[in-house]
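Asks:
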Amino acid sequence: MKEVVQEFEANLARWQKEWPQQRQGFAALTQAAKAPGALDQKYKYLIAVGIAVAEHCHWCIAANVKSALAHGATKEQVMEAGWVAVQMGGGPSLAYLQLVQQAVDDLAT
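Using the numbering used here, the first residue of the sequence shown is number 454, and each one after it goes up by one.
(1) Assuming the contact rule is C-beta atoms closer than 8 Å, residue 534 and residue 499 should be a hit. Round their C-beta distance to whole Å, please.
(2) Determine the contact status of residue 502 and residue 542, defining contact as a CB-CB distance below 9 Å.
(3) Beta carbon of residue 487, beta carbon of residue 526: below 9 Å?
(4) Determine the contact status of residue 454 and residue 550, defining contact as a CB-CB distance below 9 Å.
(5) Return the first residue and the last residue of the alpha helix (DSSP H) that residue 536 is part of.
(6) On the DSSP letters alone, give me the boundaries of the alpha helix (DSSP H) that residue 512 sits inside.
(7) Tell me the rounded alpha-carbon separation between residue 464 and residue 491.
(8) Where do the ends of the alpha helix (DSSP H) carrying residue 490 lie?
(9) Can you grab the Cα-Cα spacing for the pair residue 530 / residue 545, in whole Å?
(10) Only counting the same chain, and skipping five residues up and downstream in sequence, which positions put a Cβ closer than 6 Å to that of residue 538?
In structure tokens, the structure reads:
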């Protein structure tokens, strides 16, 4: 999963050069949505992990697991967020939970 995060980050950097207005706009939205507020950032990233599983986004799972861990989430909290997504999304989300497990195993220090 480290390679998935690196691939995604490389594309974000490329798009910053090739599509700066669009990339900066999305970056501003992301920064505003995930800034500390009524919810701590850790919980915002855990929510994002669940949504990434439900939306079946491989890159989103890797990036948000990395960010959740970096903001103090435990491996157990990340997996639990994934299981909530499975409860809501059923079998397809269960299949994507293995990517959360891989990311936790690969990215947790």
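A virtual CB, placed ideally from N, CA and C, is assigned to each residue, including glycine. Owing to the predicted nature of the structure, the values given are computational and were not obtained by experimental measurement.
Replies: On the basis of the data shown:
(1) Within the sequence shown, numbered from 1, the residue matching residue 534 stands at position 81. Within the sequence shown, numbered from 1, the residue matching residue 499 stands at position 46. Cβ atoms of residue 534 and residue 499 come within 8 Å of each other, at about 4 Å.
(2) Residue 502 sits at position 49 when you count from the first residue of the sequence shown. Residue 542 sits at position 89 when you count from the first residue of the sequence shown. No.
(3) For the purposes of this step, residue 487 is identified with residue 34 of the sequence shown, where counting begins at 1. For the purposes of this step, residue 526 is identified with residue 73 of the sequence shown, where counting begins at 1. No, they are not a contact pair.
(4) Position 1 of the sequence shown, counting from 1, holds the residue named residue 454. Position 97 of the sequence shown, counting from 1, holds the residue named residue 550. For residue 454 and residue 550, no; Cβs fall outside 9 Å.
(5) Position 83 of the sequence shown holds residue 536. Annotation: the continuous alpha helix (DSSP H) that includes residue 536 extends over 528–542.
(6) Reading the sequence shown from its first residue, position 59 is the one you call residue 512. Where residue 512 is concerned, the enclosing alpha helix (DSSP H) stretches over 511–523.
(7) Within the sequence shown, residue 464 is the residue found at index 11, counting from 1. Within the sequence shown, residue 491 is the residue found at index 38, counting from 1. Straight-line Cα distance between these residues: approximately 31 Å.
(8) Taking the first residue of the sequence shown as position 1, residue 490 is located at position 37. No alpha helix (DSSP H) contains residue 490, which DSSP labels as neither H nor E.
(9) Walking along the sequence shown from the start, residue 530 turns up at place 77. Walking along the sequence shown from the start, residue 545 turns up at place 92. Residue 530 and residue 545 have their C-alpha atoms spaced approximately 21 Å apart.
(10) Translated into the one-based positions of the sequence shown, residue 538 becomes position 85. Take residue 538, set aside five residues on each side of it, and the residues of its chain with a beta-carbon closer than 6 Å to its own are 503, 506, 507 and 546, in chain order.
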